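Residue numbers (our numbering), protein chains in the order written: chain A, 38 to 420; chain B, 369 to 764; chain C, 157 to 390. Quick reminder that beta carbons are idealized off the backbone N, C-alpha and C, glycines included. Just so we're clear, the structure is a prediction, and the values are computed from it rather than from any experiment. Here's the structure we're looking at; comments come further down.
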Amino acid sequence: MKYLYLIFSSLKRKKLRTGLTILSIMVAFILFGYLTAIRQAFDAGVEVAGADRLIVRHKVSLIQLLPQSYEEKMERIDGVDNAVHSTWFGGIYQEPRNFFAQMPIMPEELFDMYPEYVISDEHKAAWLENRAGALVGRGLVDRFGWKLGDRIPINATIWTKKDGGRTWEFDLVAIYDGAEKGTDTSQFFFRYDFFDETRAMGEGLVGWYTVRVADPDRAAEVAAAIDVEFANSATETKTEPEGAFIQGFANQIGNIGFIIMSIMSAVFFIILLVAGNTMAYTVRERTNELAVLKAIGFTDRGVLGLVLGESLAITLVGGLLGLGLAWGLVSMGDPTSGSFPVFYFPAGDMFVGLALIVAMAFVAGIIPAMQAQRLQIADALRR
Amino acid sequence: MFNWLSQIFAVTSFSMRSLPQRKGSSLAAMVGITGVVAVMVGVLSIAQGVLRTMESSVGDVNAIVLRSGSDSEMMSGLGGEDVRIIAEAPGVARNDNGAVASPELFVIINLPMRSTGTDANVPMRGVQSQAISVRENFQMVEGRMFEWGLNELIVGTGARQQFAGLEIGSTIEVSQEQWPVVGVFEAGGGLAESEIWVDAAVLQSAYRRGNSFQSVYAKLSSYDAFEEFRDSLTSDPRLNVKPMREVDYYAAQSTTVYNMITGLGTIIAVIMGLGAVFGALNTMYTAVSARNREIATLRALGFRSGPVVISVLSESLLLALAGGLLGAGLAWLAFDGFRAATLNWSSFSAITFSFDVNASLLIQGIVFAMIIGLVGGLFPAIRAARQPVAQALREL
Amino acid sequence: MTELNTDNSLVRVSGVDKVFKRGSEEIHVLGGLDLEIPNGEFLALMGPSGSGKSTLLNLVGGLDRPSEGTVEVGGKRIDKLSERRLAAWRARHVGLVFQFYNLMPVLSAQKNVELPLLLTRLSASERKKRAAIALDIVGLSHRAGHYPRQLSGGEQQRTGIARAIVTDPTLLLCDEPTGDLDRKAGDEILDLLQALNKEQGKTIIMVTHDIHAAARATRTLYLNKGQLSTSPVD
């Protein structure tokens, strides 16, 4: 601890240079935090996907519908605990860029299937009472500044009403919160019974099923059994774990993880150059001082430690500032104004950030530190 | 004037001579700028690629007709009678086979992506013979066209590259029937290259669609003919349709993806640029302080501060220019033409595209580098010029 | 670390040579030199530039190793100590005073003086106290909070001396301590060294070019072409 003063005093030597280096490191970690949040936004669904849940969809494509009658058939299959259907509504609220997911679903089934949606009993009751009621995620409510009791018009792009109209109106009667940080609270649910009796076509047809298996270890087996059940029927199915389904969907958007990793590597490489260069200069300019330290009794290793300590101090200050700012920026909201279902800086990645700070300090400082370590006192003092 | 120029020349040549001594930090700044420009150009080339794919799909005189209220073919639906009326509308060009109007079906099938093995929503289009007349750049590049009336399909070059199982000779299962792949086509780099094409009539029966379609693509007799065409369709009481110029339709289709990538790309570039500015500032301050005495000596000898400023600035700009050129070049080598697939949110289907590092992006990258160099050099230059001569001489 | 044996000679240098390589040429700086310094002596070492004065000083101070011969200080061979032990030995037994002071510009006078104490196990308050005493001895208590750039040359050198004596070493090695100072400041430094020698019994070896400085010492030796003598060579 007693060397800390020495290390921090050294940082004052060239304030401008130290400041600029700290700023560039800060920038790298702001970017790290931001990109982490973006990756998280794409991966979130996969992480929170229930291990005991399967998604059953039409074998040919997600947009083709399945009969509602499959629910009962599925629930008879051994190992299936419950099956719930949802349908993609694909409506537009005000204008297309206000995109969010709307889905008709059976309320009691939703309560049972998704324990990660936290809903108060009053809200549950209110939704069960109002046929045109909607259950909306907290994030979505906040995004549009809705409040309970609002009437929300959604323009259908697929599902026209029996009366030929396209505007569906829903009453916001219930709000759900996420049990976890990664829970998607950007969804809009409404009642299937209302949907089915109001739509002009497709009566009795649903988009896909979510199936809960009794024993997650048998999930693969149950998935196969479901597909076999409907094989050679007019509507064949494809069943896969919820996580794989969401992952597959994210993969369609692009290899986000790879792109982000590439950018991060480039950024860290650049910042490493800047920081390493600063440390090299610091050591070069202080050859004499370091030699004096050795002369008065500091060991070679002690000097190595001092230089590494300085490197660590600079990266720590810059890195922590960057992580902190990133956290603040990310908390302010996502840059695409609502396209991401979740946008936050996961705690786990905060630790990855800390590890990166230490690693960067080491890589940037080790070569100059070794130069300092090898310094011959008599030679250095003669200069 | 001459005196001033010769001063600049003298100071700059001094600074260039000392460059090798500062090669470490100069190199670091340059590589930093290289990286920033490469990443920026790389990310933005994704957006450019998507945009180009959309734009290449467009025929100037073409129009598309969807059911009113639909934003994409996916959501649209047109009856057989609607389609006939649209084809006969005024303004539609005609050839030997009649009106150049192509009623089409648009469905999505699941095929695994080569890169990840997970399913993608691959668009499948049912066409009639006029589809090829509407799309002037359509061209078979391998195999043959499918036989009309048979369960055969042809695939776009982009689709074949990105999705598994689309080689000629292989078959895919649609509606419990096996469909062989018999040919591969190009469409000038446009959206159609992401698609699988089949005979519309065969697809209608496979999907139990009766005689309904989802869209009509029409080639008009001239650019100006669109207004007449549109007015006749929208005023027809038998129809409830939305005619659009293809240009507008595709522009709307690509907005989401384009804005998202451009937005994110810009944020990333700005943040990285900030980091590079700090790096450049650091380098130039170091350069200036290393030459403190030299600059002070020159000024003691009577050189003015202007040439000193210009000399420092020109060094920084030179480094930035080198970094910018290198970065732009790297991005061009690494990313231009790189093929990828993403999801078109409007139609919920995959589009394949190539990263497009075009001239305007390269220029943007180099300009960005020069801005970094300018900002990074300006403050140190001013500092060098303001430094009191006596103090600087004493310091070393 | 044991105390130094000071019964006889404090420093005994025997048959020492130091070889530097300049290209392919080998330069012998000290040709088998012998030197004994009794405890409590204030020795002035004179000689022309390049005669090896500083090299000899470095060898005695454990800053460098001889190519040949032995260096004993307080009855202990220091030329064979490991790098790590040698560093600890220097910290404990040797105080160094440099021509250009070599203070840390980012540390105040007080913190500069405290620096060698960081290598001990003393508590922070104890370190502070000892640094204050050392500064008091050199007469700089009133400047403790100042940074080197705010001090005159003489004051900087006094800070340097305070740093050298703060660990209470037996041996003070001074490399041209007045070389960068005017006459008046130089005299003050020499007064101080003399006092340290007389009152605190420090053994001092001082390399100098200045005949006035050498006059303050109890013995003066001249080094020329690697050989010591008691009178200057013409």
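Between the stretch 202-217 of chain A and the stretch 245-257 of chain A there are fewer than three inter-stretch CB-CB distances shorter than 8 Å, so the stretches are not counted as touching. Per DSSP, C/A200 is one residue of the beta strand (DSSP E) stretching across F198 to M202. Taking the Cα positions, C/R233 is about 19 Å away from A/I333. Here C/Q356 is exposed. Its C-beta has fewer than 16 other C-beta atoms within 10 Å. Against chain A, a Cβ distance below 8 Å from B/V404 picks out I307. Here A/V367 has G70, Y71, A74, F380, Y381 and F382 as same chain residues with Cβ atoms under 7 Å from its own Cβ, once five neighbours each way along the sequence are excluded. DSSP places B/W547 in the strand class (E or B) of the three-state scheme. Within the same chain, Cβ atoms closer than 6 Å to the Cβ of C/G301 are found at S264, the five residues on either side in sequence being excluded. C/H368: member of the alpha helix (DSSP H) spanning I367 to A371, first to last residue.
For B/D704, the nearest beta carbon of chain A is not closer than 8 Å to its own beta carbon. In summary, the residues of the stretch 252-272 of chain C whose CB is separated from some CB of chain A by less than 8 Å are L252, F254, N258, M260, P261, V262, L263, K267, L271 and P272, in the order they occur in the chain. With a beta-carbon spacing of about 23 Å, C/D173 and C/G230 fall beyond the 8 Å limit used to define contacts.
By the Cβ test, the stretch 737-752 of chain B is in contact with the stretch 671-681 of chain B, since at least three Cβ pairs between them sit closer than 8 Å. C/T334 counts as buried, since at least 16 other C-beta atoms from the protein chains shown sit within 10 angstroms of its C-beta. For B/G643, there is no enclosing beta strand (DSSP E); the enclosing alpha helix (DSSP H) covers residues E614 to A658. Distance check between B/G643 and each of A/V320, A/I283 and A/G359 places A/G359 closest, using alpha-carbon atoms only. Scanning chain A for C-beta atoms nearer than 8 Å to the C-beta of B/D567 yields nothing, as the closest lies near 18 Å away. With contacts defined as CB atoms closer than 8 Å, C/G217 and C/V175 fail to qualify as a contacting pair. When DSSP states are grouped into helix, strand and coil, C/D338 belongs to the coil group. Residues are counted here when their Cβ sits less than 8 Å from a Cβ of chain C; for the stretch 42-68 of chain A these are Y42, L43, S46, S47, K49 and R50, given in chain order. Within the stretch 645-663 of chain B, contact with chain A at the beta-carbon level (separation under 7 Å) is assigned to F646, G647, L649, N650, Y653 and T654. In this structure, C/P194 sits away from C/P261, with a CB-CB distance that is not shorter than 8 Å. Every beta strand (DSSP E) stretch that sits fully inside the stretch 250-275 of chain C and reaches 3 residues is listed by chain position as 250-253. For the 8 Å CB-CB criterion, A/A398 and A/L341 do not form a contact. Listed along the chain, the chain A residues whose CB falls inside 8 Å of the CB of B/M481 are N288 and Q289.
DSSP, read as helix, strand or coil, puts A/P405 in helix. Inter-segment contact for the stretch 389-398 of chain B and the stretch 551-561 of chain B is absent: fewer than three beta-carbon pairs are separated by less than 8 Å.
The criterion of a C-beta distance shorter than 8 Å is satisfied by B/G692 and B/V405.
Using a 10 angstroms sphere on the CB of C/V253, the tally of other CB atoms reaches 16 or more, which defines it as buried. Listed along chain A, no residue sits closer than 9 Å to C/D336 by beta-carbon distance, the nearest being about 14 Å off.
Taking all protein chains in view, the Cβ of A/W245 is crowded by 16 or more other Cβ atoms within 10 Å, so the residue is classified as buried.
Rounded to whole angstroms, the separation of the alpha carbons of A/R236 and B/M443 is 15 Å.
Residues of chain A with a Cβ closer than 7 Å to the Cβ of B/F716 are, in chain order, I100. A Cβ-Cβ separation of about 5 Å places B/A532 in contact with B/R482 under the 8 Å criterion. Residue burial annotation: B/G558 is buried, with at least 16 other C-beta atoms found within 10 angstroms of its C-beta.
Three or more beta-carbon pairs separated by less than 8 Å link the stretch 286-299 of chain C to the stretch 316-325 of chain C, which places the two stretches in contact.
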